[in-house]
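Asker:
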Amino acid sequence: MELRHLRYFVAVAEEKNFTRAAKRLFIAQPPLSRQIQQLEEELGVELIEKGSRPLRLTEAGTFFHAHAQELLAKAAELKTMTQRVGKIDRSLSMGFVASTLYGLLPDIVRHFREQYPTVEVTFHEMTTMQQLKALKEGTIDVGFGRVKSEDPNIRRIVLREERLIVALPSGHPLALSENSLSLVDLLMETLIIYPKAPRPSFADQVLGVFSERSILPHKIMEVRELQIAIGLVAAGEGVAVVPDSVQGMKRNNVAYRALTDRHAVSPVMFSVRKMDTSEELRNMLNTIYAVYDRAGISYIRESL
Ligand code: BEZ
């Protein structure tokens, strides 16, 4: 059985008609019928109900159709991913969640550019879930995200666990002292979380650190992105739990306080296509570790 048989069968199943399927495949009808017949012979089962008009699939045919579609989608994905791997020797396209831009990302990119000046680096702001899709579609080569989502086509390296902090309106009673706060201190506040979609997202991570302690602030406000959350904090609408690096986003009317809760952390993740061990990616990972070494950040080194 070859991919061609799957493509032919899917076309017939979707068109419910051999003539239309043959047209769609740009082949004549007799060879198409022969190929489907060969497929049924090889499998030893009928896939199409004999004499049905419009054509109906048997139970085995319906099963085969679903799996054939999945295999064809995987083959198409493999094609775009391989093409991308073959092309990235002189360019590196990066997806990143907004919070990394206020932390170490600019430093890391400067360092990388100094060492590899001929590599063209491009940036795309996107959520972790969007990064997984973009990696599979070949629009980015590496994603810097925060959500630990599993995908069989993606290799994920946790670079470090970053402390979470609280952003408060300046002048808020909880911001009057420089002392660290506890999640419990926030229970009477409106908690502003982001991004609203796609889920799971950093919003669920923040809700997770509260629910680990079996608590939840009395009011939750969901917003689209980090900048809006911080803007609303500045406007006095509520408080937001954000990664420590967000302190790099200096803003009038916003005060940042540390959290005492040890489990209030968010991972920074490096995601790439599984088995993509290209030189640019290896160089990027080593650059990140060099920046961590210089900044005295602890991490567990992994290699591609
Ligand atoms: C970090 O903050 O650890 C980080 C940010 C962007 C890329 C890699 C690491």
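Be aware that the sequence shown starts at 8, since it is given in the numbering used here, and climbs by one per residue.
Heads up, the beta-carbon is just placed ideally off N, CA and C, and yes, glycines get one too.
1. Out of A20, S100 and N24, which has the shortest C-alpha to C-alpha gap to A73?
2. In the DSSP assignment, find the unbroken alpha helix (DSSP H) run with M8 in it and report its ends.
3. Determine the direct distance from the alpha carbon of S187 to that of R220, and round the result to whole angstroms.
4. Figure out for me which residue from L111, F151 and A247 has the closest Cα to the Cα of G102.
5. With DSSP run on the structure shown, which of helix, strand or coil describes A247?
6. Closer than 8 Å by C-beta to A82: which residues in its own chain qualify, once you throw out the five before and the five after it? Chain order, please.
7. What does the shell around the ligand BEZ hold, if a residue joins when its beta-carbon is under 6 Å from any heavy atom?
8. For Y123 versus S252, is the C-beta distance shorter than 7 Å?
9. I need the straight-line Cα distance from R280 to K143, nearest angstrom please.
10. Could you give the residue range of the beta strand (DSSP E) that holds P180?
11. May I have the straight-line CA-CA distance separating E121 from R170, to the nearest angstrom?
12. By a C-beta neighbour count over all protein chains shown, 10 Å radius and 16 as the cutoff for buried, is G58 buried or exposed?
13. Between which two residues does the beta strand (DSSP E) containing G102 stretch?
14. DSSP three-state label for I34, please.
15. Between L175 and A262, how many whole angstroms is the CB-CB distance? I'm expecting something under 8 Å.
16. Look at the alpha carbon of M291 and the alpha carbon of R269, and state the distance between them as a whole number of angstroms.
17. Step through the CB atoms of chain B and report whether any lies within less than 7 Å of the CB of L193.
18. Do you know offhand how far L139's Cα is from E132's?
19. Please go through the segment 271-301 and give each complete beta strand (DSSP E) segment of 3 or more residues, from N-terminal end onward.
20. Excluding sequence positions up to five away, which residues of its chain have a Cβ less than 8 Å from the Cβ of I235?
21. Out of M276, S278 and Q137, state which residue places its alpha-carbon closest to the alpha-carbon of R206.
22. So, with DSSP's three-state summary, where would you put V19?
23. Report buried or exposed for T129, applying the criterion of at least 16 other Cβ atoms within 10 angstroms of its Cβ.
24. Please say whether F16 and A75 have beta carbons closer to each other than 7 Å?
25. When you compare only the Cα positions, how much space is there between Q42 and F70?
Answerer: So, from the listed chains and residues:
1. A20
2. Segment: none, M8 is in no alpha helix (DSSP H) and carries neither H nor E.
3. 18 Å
4. F151
5. strand
6. L10
7. T107, G110, L111, L112, I115, F151, L166, R167, S252, V275 and I295
8. no
9. 7 Å
10. From DSSP, P180 is part of no beta strand (DSSP E); its letter is neither H nor E.
11. 29 Å
12. exposed
13. S98 to F103
14. coil
15. 5 Å
16. 30 Å
17. Reference to chain B is not applicable here, since this structure consists of a single protein chain.
18. 13 Å
19. 272-280
20. Y201
21. Q137
22. helix
23. exposed
24. yes
25. 19 Å
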